[in-house]
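> If you're matching them up, the sequences are chains W and D in order.
Our numbering numbers the first residue of the first sequence as 3 and each following residue consecutively.
Our numbering numbers the first residue of the second sequence as 6 and each following residue consecutively.
We put the CB at the ideal spot given by N, CA and C, even for glycine.
Input: one structure, supplied below.
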Amino acid sequence: DQQVKQNSPSLSVQEGRISILNCDYTNSMFDYFLWYKKYPAEGPTFLISISSIKDKNEDGRFTVFLNKSAKHLSLHIVPSQPGDSAVYFCAASEQAGSYQLTFGKGTKLSVIP
Amino acid sequence: ETGVTQSPTHLIKTRGQQVTLRCSSQSGHNTVSWYQQALGQGPQFIFQYYREEENGRGNFPPRFSGLQFPNYSSELNVNALELDDSALYLCASSGGQAYGYTFGSGTRLTVV
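See the structure below:
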């Protein structure tokens, strides 16, 4: 039973446009959500997070939106750059500070110059 | 020392054998977790250690075990290897909260 779902295995976007990566979850106990970025042959790198008490968190070109009633979150990257091409993982935990993260399968983003 | 270092980077083992994977965490990071990432999947939580004690475990059998040492290094041991154990094994350490997790580049284990 997959508790964190990323239903789009891949996404292609033109450079300069917006990239929107989606994530759905089923476990209502999840309280904290994170996005990680992974390049080939490297470990995942933390990108941005959001607590369930918020519906939006911004960090530069990256914004995460959380719709708790729909159990849905999304990552917006504006503007997209070729260096953003990577696999993006959505992850969730039952509390902020928990080290037990449940990951989705990832979405491979390709930003086309 | 900064970063999380894992060794070896690649490993091939035969079914039924035992394997030890190693991780060297950042200095001061007293929490370490291990994840298994099968091909096409997201990382799955195996277990975590805090100050040399296991204090959280995912849905993995007892043949997956670990150790954490005072020098911020840790080990993941897998006994009686099965073909399905073939995966990328990631170590992550933190000195604070989960969003401060630093992942290593992983060990690619192939069981034949």
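#1: Do you know whose CA, among W:S10, W:S21, W:F32, lies nearest L77 (chain W)'s CA?
#2: Does E44 (chain W) come within less than 9 Å of chain D when only Cβ atoms are used?
#3: For L26 (chain D) and Q11 (chain D), which I take to be in contact (beta-carbon distance under 8 Å), what is that distance rounded to the nearest angstrom?
#4: Check G71 (chain D) in the structure and name its three-state DSSP category.
#5: Just verifying my parser: in three-state terms, what is the DSSP assignment at G61 (chain D)?
#6: Taking CB distances under 9 Å as the criterion, tell me whether F105 (chain W) reaches chain D.
#7: Three-state secondary structure (DSSP) at D26 (chain W)?
#8: If you measure from the beta carbon of L114 (chain D) to each beta carbon in chain W, is any gap under 9 Å?
#9: By the criterion of Cβ-Cβ separation under 7 Å, what are the contact partners of G109 (chain D) in chain W?
#10: Do you know how far the Cα of P84 (chain W) is from the Cα of P67 (chain D)?
#11: Hey, is Q53 (chain D)'s beta-carbon within less than 9 Å of any beta-carbon in chain W?
#12: Quick one: what's got a C-beta closer than 6 Å to N82 (chain D)'s C-beta in the same chain, skipping five residues either side?
#13: So what does DSSP say about L88 (chain D), is it helix, strand or coil?
#14: Here's the rule: buried if 16 or more other CB atoms are within 10 angstroms of the residue's CB, otherwise exposed. What is D90 (chain D)?
#15: In angstroms with no decimal places, state the Cα-to-Cα distance between I50 (chain W) and N24 (chain W).
#16: Give the residues of chain D in contact with G108 (chain W), contact being defined as C-beta atoms less than 7 Å apart.
#17: What three-state label does DSSP hand D57 (chain W) in the structure shown?
#18: In terms of alpha-carbon separation, which member of D:V37, D:A92, D:P13 lies closest to T107 (chain D)?
Let's see:
#1: Within the first sequence, the letter at position 75 stands for residue 77 (chain W). Between L77 (chain W) and the set W:S10, W:S21, W:F32, the nearest pair of CA atoms involves W:S21.
#2: One-based indexing of the first sequence puts residue 44 (chain W) at position 42. E44 (chain W) counts as touching chain D.
#3: By 1-based counting over the second sequence, the position of residue 26 (chain D) is 21. By 1-based counting over the second sequence, the position of residue 11 (chain D) is 6. Sure, about 7 Å apart at Cβ, within 8 Å.
#4: Translated into the one-based positions of the second sequence, residue 71 (chain D) becomes position 66. The answer is strand: DSSP assigns G71 (chain D) an E or B state.
#5: Sequence index remark: in the second sequence, residue 61 (chain D) carries index 56 (1-based). In the structure shown, G61 (chain D) falls within a strand segment according to DSSP collapsed to helix, strand and coil.
#6: Position 103 of the first sequence holds residue 105 (chain W). Yes, F105 (chain W) lies at the interface with chain D (some Cβ there is under 9 Å from its Cβ).
#7: Taking the first residue of the first sequence as position 1, residue 26 (chain W) is located at position 24. It is a strand residue.
#8: Here residue 114 (chain D) corresponds to residue number 109 of the second sequence, with the count starting at 1. Not one chain W Cβ lies under 9 Å of L114 (chain D).
#9: For the purposes of this step, residue 109 (chain D) is taken as residue 104 along the second sequence, with counting starting at 1. The contacting residues are G45.
#10: Taking the second sequence and counting its residues from 1, one reaches residue 67 (chain D) at position 62. Taking the first sequence and counting its residues from 1, one reaches residue 84 (chain W) at position 82. Inter-residue distance for P67 (chain D) and P84 (chain W) is about 43 Å (C-alpha atoms, whole angstroms).
#11: Taking the second sequence and counting its residues from 1, one reaches residue 53 (chain D) at position 48. With 9 Å as the cut-off, Q53 (chain D) counts as an interface residue toward chain W.
#12: Within the second sequence, numbered from 1, the residue matching residue 82 (chain D) stands at position 77. Hits under 6 Å: T25, S70.
#13: On the second sequence, position 83 is the one that residue 88 (chain D) refers to. It is helical.
#14: Here residue 90 (chain D) is taken as the residue at index 85 of the second sequence, counted from 1. Buried is the call here.
#15: Along the first sequence, one-based indexing puts residue 50 (chain W) at 48. Along the first sequence, one-based indexing puts residue 24 (chain W) at 22. Roughly 14 Å between the two C-alpha positions.
#16: Mapped onto the first sequence, residue 108 (chain W) falls at position 106. The answer, in chain order, is G47.
#17: Within the first sequence, residue 57 (chain W) is the residue found at index 55, counting from 1. Here D57 (chain W) sits in coil by DSSP.
#18: One-based indexing of the second sequence puts residue 107 (chain D) at position 102. When D:V37, D:A92, D:P13 are compared, the shortest CA-CA separation from T107 (chain D) is found for D:V37.
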